[in-house]
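Chains as they are written, first to last, in the working numbering: chain A, 2 to 257; chain B, 151 to 621.
Idealized CB from N, CA, C, for every residue including glycine.
As the structure is a computational prediction, the values presented were derived from the model and not from experiment.
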């Protein structure tokens, strides 16, 4: 059961829209420190939007509600300030930035950051060991960010940043989608490491239950058409696995 | 990051380059252009008769040429107000200690003596119309390499013939109006001669500084790289900003021998009252190659199209350039290549960035003559516009007159993707840092071709341009 008196992330009555089209409807979601939550739902339910709104993507307008993170109202903060507060979003489709070597990018996001500022040598050592840990060819560290990376490599780079930045809470947006078995096990390993070494808190967005097999899930939230329509413990996963999301669609229709 | 479309990006503080010293003790000629002024320049320089004749003939041609009827407007340039000759108060020196303090301080602030110590094989420094410093390491001199002021070489009987045979043979006064102007009033510049089979591992650099208000700079760079020889030459330029027009109409002539290699790198950072009407041209013999690296950041108006003429089988040319046009700038840049022998190849890759109402035009010309069978040319141009007020155009021309040739062209014009900015910000970077990183990455194919110190300078210029760009 979530620690309701003191959640790390508290999404309170969030409604959000893009270009006047409402996507999220009064979403409430609390995640306590150290917990693993799963946000599930069919394609197009608004799960990724929820993740991006939490991170402050300016494409979306928050129409009502607020987001409290670690005791601070972050609803109006820019994404960089949310990141510095300890929030992390792993992207479903990480971008490519031509001409910027991965190492330079990683160096830039750790420099001047409290607790992460390392000497160059220490930094090199750290990212090499993380690359090894994530079964990533070290050659990728010198390549341009995301350019020509396979889907699996891109997701590994997301996990590498997660482990490097050591956020208080990580939202993993469909990190498992489109991965082969090997890449999937690396991502699972990264998530475990994050939990163990950073005392991590996870909000996992997925429509696939496979990535959850080796995790101890505390709470499941089901989103359909921009609404949270069901919540429960880990036992819901097996149910969804068997029966899909159809069972929740009626609830969503009723709520409209 | 409140608005997705940015309507304006402010201009930068250029104070690092924008300082000048008093020039009242310098010798000026009258503004404007007459045969008397041309004779006076030639007389001061004590030139051979053929050079005076060349100057006077060039002036005649200049007077007959109409203004260019294409490209950015040069209406603000009134030749009657341009001082064509400003002599610094010193002779050319071989030691910085002998250079007057004001001038030495200028080059100190630009980091030239420091660079000379750490990684250059030789340095030439021009201040207004004349070279004030020229020096090369003994090791390079022992290899038989000549690097001197071109006027100095003209007065040396060992080289006068060589200069006579090459000077303005590649860029002739009848090429265009400003080539003719250059022929009439040229002053200063460097002469480089690399003998057959000689390879110089460290670059030579000439730096051109225009300090005098309302003046023109017309330096001539002549480089001869003999067969099987190799050279990297770097050219830098800057000027303080004045509220009147300054003019730069230099000429660069490069002769690349058989299987020889020449890399010519430029970081141009003229102030934003400068009309940069510079002409650069290279001819390449069999198996040789010319590599142009070009960064254009300054000037109010620029016309700049380094040209490569591939005259021997398997000769190669590559051009890697970046142009950054901000407020009040109209930079028309690109390159020309003439494929004039079999199995030649040309590769052109350019980047242009425009912001705050700046106009950046990429103009290229690829000509393949009937002799250019089995040759190849590729042209790629990418433009990035940082706001809605800026403009980017691409004008590629190809004139192919032979069979069996492989030519390709691609151009993209885009903006900084909001998804990229959001991604970088989600990792803790400010919006300004995120945009600067994306622009630096965009410029990387050019900056990585530069020696480290210049790549750093270029990144700093970009950073300066991006500062305060978020509003």
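What residues of chain B sit near residue i, judged by a beta carbon separation below 8 Å?
| i | result |
| --- | --- |
| residue 108/A | What residue 108/A touches in chain B: nothing, since even the nearest Cβ is about 11 Å away. |
| residue 63/A | Those do not exist, as residue 63/A stays about 13 Å from chain B at its closest Cβ, beyond 8 Å. |
| residue 101/A | 587, 588, 590, 591, 594 |
Under a CB-based cut-off of 9 Å, is residue i close to chain A?
| i | result |
| --- | --- |
| residue 338/B | no |
| residue 560/B | no |
| residue 568/B | yes |
| residue 396/B | no |
| residue 474/B | no |
| residue 584/B | yes |
| residue 341/B | no |
| residue 572/B | yes |
Return the residue from the list the options that minimises the CA-CA distance to residue i.
| i | options | result |
| --- | --- | --- |
| residue 476/B | 540/B, 370/B, 296/B, 375/B | 540/B |
| residue 600/B | 496/B, 227/B, 443/B | 443/B |
| residue 36/A | 84/A, 8/A, 12/A, 25/A | 8/A |
| residue 310/B | 359/B, 525/B, 372/B, 333/B | 372/B |
| residue 457/B | 489/B, 437/B, 449/B, 463/B | 489/B |
| residue 222/A | 246/A, 64/A, 186/A, 199/A | 246/A |
| residue 153/A | 65/A, 134/A, 179/A, 143/A | 179/A |
| residue 603/B | 496/B, 543/B, 563/B, 416/B | 416/B |
| residue 305/B | 574/B, 178/B, 194/B | 194/B |
| residue 178/B | 585/B, 280/B, 272/B | 280/B |
| residue 249/A | 132/A, 231/A, 166/A | 231/A |
| residue 50/A | 17/A, 139/A, 76/A | 17/A |
| residue 214/B | 328/B, 192/B, 258/B | 328/B |
For residue i, name the three-state secondary structure that DSSP assigns.
| i | result |
| --- | --- |
| residue 293/B | coil |
| residue 255/A | helix |
| residue 367/B | strand |
| residue 140/A | helix |
| residue 248/A | helix |
| residue 161/B | For residue 161/B, the predicted model reports a pLDDT of 48, less than 50, meaning its position is unreliable and no value from the coordinates is stated. |
| residue 302/B | helix |
| residue 263/B | helix |
| residue 588/B | helix |
| residue 447/B | coil |
| residue 80/A | helix |
| residue 239/A | helix |
| residue 360/B | coil |
| residue 51/A | helix |
| residue 5/A | Low local confidence applies: a pLDDT of 49 at residue 5/A is under 50, so the model's placement there is unreliable, with the coordinate-based value given in what follows. Of the three classes helix, strand and coil, the one that applies to residue 5/A here is coil, per DSSP. |
| residue 119/A | coil |
| residue 541/B | strand |
| residue 19/A | strand |
| residue 490/B | coil |
| residue 596/B | helix |
Given 8 Å as the limit, tell me if residue i has its C-beta closer than that to any heavy atom belonging to the ligand FMN.
| i | result |
| --- | --- |
| residue 35/A | Absence of the ligand FMN is noted for the structure shown, with no ligands found whatsoever. |
Which residues does DSSP list as the beta-bridge partners of residue i?
| i | result |
| --- | --- |
| residue 315/B | DSSP lists no partner for residue 315/B. |
| residue 453/B | 427/B, 482/B |
| residue 532/B | 501/B, 562/B |
| residue 575/B | Paired residues: none, contrary to the question. |
| residue 417/B | 386/B, 445/B |
| residue 177/B | 237/B |
| residue 326/B | In the DSSP output, where bridge partners are listed per residue, residue 326/B has none listed. |
| residue 277/B | 280/B, 359/B |
| residue 257/B | Answer is none; residue 257/B lacks a bridge partner. |
Residue i touches chain B at which residues, Cβ-Cβ below 9 Å?
| i | result |
| --- | --- |
| residue 84/A | 575, 576, 577, 578, 579 |
| residue 34/A | Ordered by position in chain B, no residue passes the 9 Å Cβ test against residue 34/A, which lies about 21 Å from the chain. |
| residue 114/A | 578 |
| residue 162/A | 577 |
Comparing the C-beta of residue i with each C-beta of chain B, is any distance below 9 Å?
| i | result |
| --- | --- |
| residue 81/A | yes |
| residue 57/A | yes |
| residue 167/A | no |
| residue 176/A | no |
| residue 146/A | yes |
| residue 249/A | no |
| residue 10/A | no |
| residue 89/A | yes |
| residue 182/A | no |
In chain A, which residues lie with their C-beta within 7 Å of the C-beta of residue i?
| i | result |
| --- | --- |
| residue 447/B | Simply none; closest approach about 17 Å. |
By the criterion of Cβ-Cβ separation under 8 Å, what are the contact partners of residue i in chain C?
| i | result |
| --- | --- |
| residue 328/B | Of the chains in the structure shown, none is chain C; the protein chains are A and B. |
Under 9 Å between beta-carbons, which chain A residues line up against residue i? List them in chain order, please.
| i | result |
| --- | --- |
| residue 317/B | Neighbours of residue 317/B on chain A: none; closest Cβ ~40 Å, over 9 Å. |
Under 7 Å between beta-carbons, which chain B residues line up against residue i? List them in chain order, please.
| i | result |
| --- | --- |
| residue 246/A | Under the 7 Å cutoff, chain B gives no residues; its nearest Cβ is about 28 Å from residue 246/A. |
| residue 92/A | 573 |
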